[in-house]
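Student:
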Amino acid sequence: AQSVTQLGSHVSVSEGALVLLRCNYSSSVPPYLFWYVQYPNQGLQLLLKYTTGATLVKGINGFEAEFKKSETSFHLTKPSAHMSDAAEYFCAVSEDGFGNEKLTFGTGTRLTIIP
Amino acid sequence: AAGVIQSPRHLIKEKRETATLKCYPIPRHDTVYWYQQGPGQDPQFLISFYEKMQSDKGSIPDRFSAQQFSDYHSELNMSSLELGDSALYFCASSPNRREQFFGPGTRLTVL
Numbered sequence: 001a002q003s004v005t006q007l008g009s010h011v012s013v014s015e016g017a018l019v020l021l022r023c024n025y026s027s028s029v030p031p032y033l034f035w036y037v038q039y040p041n042q043g044l045q046l047l048l049k050y051t052t053g054a055t056l057v058k059g060i061n062g063f064e065a066e067f068k069k070s071e072t073s074f075h076l077t078k079p080s081a082h083m084s085d086a087a088e089y090f091c092a093v094s095e096d097g098f099g100n101e102k103l104t105f106g107t108g109t110r111l112t113i114i115p
Numbered sequence: 116a117a118g119v120i121q122s123p124r125h126l127i128k129e130k131r132e133t134a135t136l137k138c139y140p141i142p143r144h145d146t147v148y149w150y151q152q153g154p155g156q157d158p159q160f161l162i163s164f165y166e167k168m169q170s171d172k173g174s175i176p177d178r179f180s181a182q183q184f185s186d187y188h189s190e191l192n193m194s195s196l197e198l199g200d201s202a203l204y205f206c207a208s209s210p211n212r213r214e215q216f217f218g219p220g221t222r223l224t225v226l
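These protein sequences, in sequence, are chains A and B. Here my numbering is used: the first residue of the first sequence is 1, the next is one more, and so on. Here my numbering is used: the first residue of the second sequence is 116, the next is one more, and so on.
#1: So, helix, strand or coil for A:K78, using DSSP?
#2: Work out the CA separation of B:T221 and B:R131 for me, nearest whole Å.
#3: Using three-state DSSP, classify A:I60 as helix, strand or coil.
#4: Could you give the distance in angstroms between the alpha-carbon of B:R106 and the alpha-carbon of A:L21?
#5: Evaluate the contact criterion for the region 147 to 166 of chain B versus the region 200 to 207 of chain B: three or more CB pairs, one atom per stretch, below 8 Å.
#6: Among residues of its own chain, excluding the 5 on either side of A:H10, which ones have a beta-carbon nearer than 6 Å to its beta-carbon?
#7: Can you confirm whether B:E190, when its beta carbon is compared against all beta carbons of chain A, has any partner nearer than 8 Å?
#8: Taking B:G233 as the query, report the chain A residues whose CB atoms sit under 8 Å from its CB, ordered along the chain.
#9: Using 8 Å as the threshold, is the region 120 to 129 of chain B in touch with the region 170 to 180 of chain B, meaning 3 or more CB pairs across them?
#10: Count the other CB atoms within 10 Å of the CB of A:F105; is the residue buried (16 or more) or exposed (fewer)?
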């Protein structure tokens, strides 16, 4: 069974500072990994994804994440936080096809940006 | 670019009533997923359909049923509504079962 653990339900960073949101996963097969962002009262927007290939993936809005198999991690980073980054961020894992591709989400991290 | 369409966006029902949520996937996407997100919770997988057949089932109550139609749109039917069914219901579609594109959600409030 697949699972996701997001360390830190709330993270606060100053505007312009590094953003680091942590995600560890568990999967019995090579996983697909995703980060989604959710703004208040809105849907889920895909930030970036890892399926195969390059382990450092770049997404929208300057975010990137690195898949580290040895650490079972997929942490999300952004070099310089912007006020518009304030939102809820969900890490999710999916197993490879064959009917098991449903997303399992972490419990989310609420990112607050301090002016 | 076309996105996933969900209707209605907001729905208010009384306990024990029924509700039907609709999802229109992105054109040429053959897979649809339904998720439920309770207040302050992460989204939980309910059910999915691939080529109009149920492909996977999660924590979906027996009071709920769903189907995917010949035009690939999907409907989630919810009966005997309970207060605990109040949540945001997301539909997602996929062209390849590797990446899911989410709709804006339907917010269901049960009074």
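Where is the CB? At the ideal position from N, CA and C, for every residue including glycine.
Tutor: Once the coordinates are examined:
#1: Residue state, collapsed to three classes: strand.
#2: About 19 Å.
#3: Three-state result, A:I60: helix.
#4: Outside the modelled stretch of chain B, which goes from 116 to 226, sits residue 106 of chain B, for which no answer is possible.
#5: Counting C-beta pairs closer than 8 Å gives three or more between the region 147 to 166 of chain B and the region 200 to 207 of chain B, which meets the contact rule.
#6: Hits under 6 Å: R110.
#7: It does not: the Cβ of B:E190 has no partner Cβ on chain A nearer than 8 Å.
#8: The question about residue 233 of chain B has no answer here: the residues shown for chain B are numbered 116 through 226.
#9: As far as the Cβ criterion goes, the region 120 to 129 of chain B does not touch the region 170 to 180 of chain B, which means the pair count is below three.
#10: When all chains shown are included, A:F105 counts as buried.
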